[in-house]
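Residue numbers (full-length UniProt numbering): 1 to 97.
Worksheet for the structure shown next.
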Amino acid sequence: MTEPKLAYIWHMYHNQLITATFYSRPIQKRREVIKERKPASEHKPRLRLLKRIKGKIPAYITKKVLTDYVGGMRFNFNSQKSIIALHKKECKNCPWD
């Protein structure tokens, strides 16, 4: 079995701009959860915003993500200027503050 690769996802959860995950099918699984557990009124915006990041994540961020993962922590992307800039480029008309 192949090891899943690190994937970066926009808006996987309502309180996280970006999520780093090792799941092999993170978006597919999250779509299933949204459809099964979230109110119907939230389906359309959640599914529209949920997508894999296309741009390049800086190497220092990936290194920190991996270090935190090994240490049992989760890296907070929300204050990273490079991530904010990439988000503005990839998620046009996004309601995220």
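For each residue, glycine too, the CB sits at the ideal point set by N, CA and C.
- Inter-residue distance for Tyr60 and Gly71 is about 17 Å (C-alpha atoms, whole angstroms).
- Straight through space, the alpha carbons of Lys5 and Lys56 are spaced by roughly 15 Å.
- Within the DSSP bridge table, the entry for Ala7 names Thr21 as partners.
- Between the segment 16 to 35 and the segment 71 to 80, the count of C-beta pairs closer than 8 Å reaches three or more; the two stretches touch.
- DSSP, reduced to helix, strand and coil, places Lys51 within a strand of the structure shown.
- Assignment of beta-bridge partners to Gln16 by DSSP yields Tyr13.
- For Pro26, the enclosing alpha helix (DSSP H) has its first and last residue at 26 to 37.
- For Pro58, the three-state secondary structure derived from DSSP is coil.
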